[in-house]
Structure formats: structure tokens, C-alpha cells
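Novice: Numbering-wise, the numbering used here comes out as the position in the sequence shown, counting from 1, plus 296.
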Amino acid sequence: MPLRTLWMGSVVKLLDLAEVETLPDFIDRLRPENEILPGSVFYDKKSETLVIHCKEGWVGEKTMILKKKLTAIEFYNGNLHHWIQQTSKMPLIECRFQTLKMARTKNSSKSRVLHSHNAQQQLT
């Protein structure tokens, strides 16, 4: 089961996570880590990776499902480019991933739901 999160109220499945330790130059160019909200997302052109700030560090993302399967560059072009170019009316602070809180259903086991919730908390 892929990691899930929320983007602007829609569930996103994160399919292809990447380590950001391979992108030290990119991370170093960002504002100090304590000034970046968890869930904030940036795009690294060189590696074609979304770089997401989590509660406890950074994670890279290359492929996801948001209504349909998207690469990082497709997500950037459709969802982030307007904020980066400052042509969106929505504040950049709202342009970030949120924790998805999954409700327990009758068919799912308690441990699977807890595992999913804990994984989401690491993202934001």
C-alpha cells in the first residue's frame, strides 16, 4: 500500500520515493530548515524530483497518483508552477502537503490503519 497524503483536499498516493541525500546542492539553496513548514514542496529540475519537507527531514518523490499517475515534472507543471511564477491568487503557504488522517473501517485491521497514520505523520 503506497504512502498517502493530502494535496489541496485531494488524496495523493506517493509511489516512487527518493532519498534527498543525493541532492545536497538543492537542499543547501533553500531557506533555513526551521523557516520551512512541514509539507512544503519544491521541485529540483536537475534530478526531476519533488522535494518535500517533512516533520523530521526531507523526502524526494518522483511518481504519484493524484486523479491519475503523474511524474514529478507533471505535478510541478500542473500544481506548483503558478505559485513559483507568482501568478496564483492562493498564498504559497497553502501550497503544501497535509497529513491524511485515515478513519478505521470494519474491514481493515487496527495495525494497518495505525501504520498508515504513522507513515503520514512522518510526511508532515
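All C-beta atoms in this analysis are idealised placements derived from N, C-alpha and C, irrespective of residue type, glycine included.
Only counting runs of 4 or more residues, tell me where the alpha helix (DSSP H) segments fall wholly within the stretch 306-348, in order along the chain.
Specialist: The qualifying runs are 320-325.
Novice: Please report the Cβ distance between V308 and V347, rounded to the nearest whole angstrom; I am assuming they are in contact, meaning their Cβ atoms lie under 8 Å.
Specialist: What you label residue 308 is simply residue 12 of the sequence shown in a count that begins at 1. What you label residue 347 is simply residue 51 of the sequence shown in a count that begins at 1. Not confirmed; about 15 Å, so no contact.
Novice: Rounded to a whole number of angstroms, what is the C-alpha to C-alpha distance between L302 and L326?
Specialist: Within the sequence shown, numbered from 1, the residue matching residue 302 stands at position 6. Within the sequence shown, numbered from 1, the residue matching residue 326 stands at position 30. Going from the Cα of L302 to the Cα of L326 covers about 23 Å.
Novice: Inspect the beta-carbon positions of T345 and L311 and report whether they are closer than 8 Å.
Specialist: For the purposes of this step, residue 345 is taken as the residue at position 49 of the sequence shown. For the purposes of this step, residue 311 is taken as the residue at position 15 of the sequence shown. No, the pair does not count as a contact, with Cβ atoms beyond the cut-off.
Novice: Cα-Cα, which of E357, A399 and P334 is closest to A314?
Specialist: On the sequence shown, position 18 is the one that residue 314 refers to. The residue with the shortest Cα to Cα distance from A314 is E357.
Novice: Helix, strand or coil for S376, going by three-state DSSP, please let me know.
Specialist: In the sequence shown, counting from the first residue as 1, residue 376 sits at position 80. One point to set straight first is that residue 376 is Leu, not Ser, in the sequence displayed. L376 falls in the helix class under three-state DSSP.
Novice: Name the two residues that bound the continuous alpha helix (DSSP H) containing E370.
Specialist: On the sequence shown, residue 370 is found 74 positions in, with the first residue counted as 1. First-last of the alpha helix (DSSP H) with E370: A368 to F371.
Novice: Cα-Cα, which of N330, N373, F371 and Y372 is closest to G353?
Specialist: The residue given as residue 353 occupies position 57 in the sequence shown. Checked all of N330, N373, F371 and Y372; the closest Cα to G353 is N330.
Novice: Checking contacts by CB at 8 Å: is F322 closer than that to chain C?
Specialist: Given the protein chain composition of this structure (a single chain), no chain C is represented.
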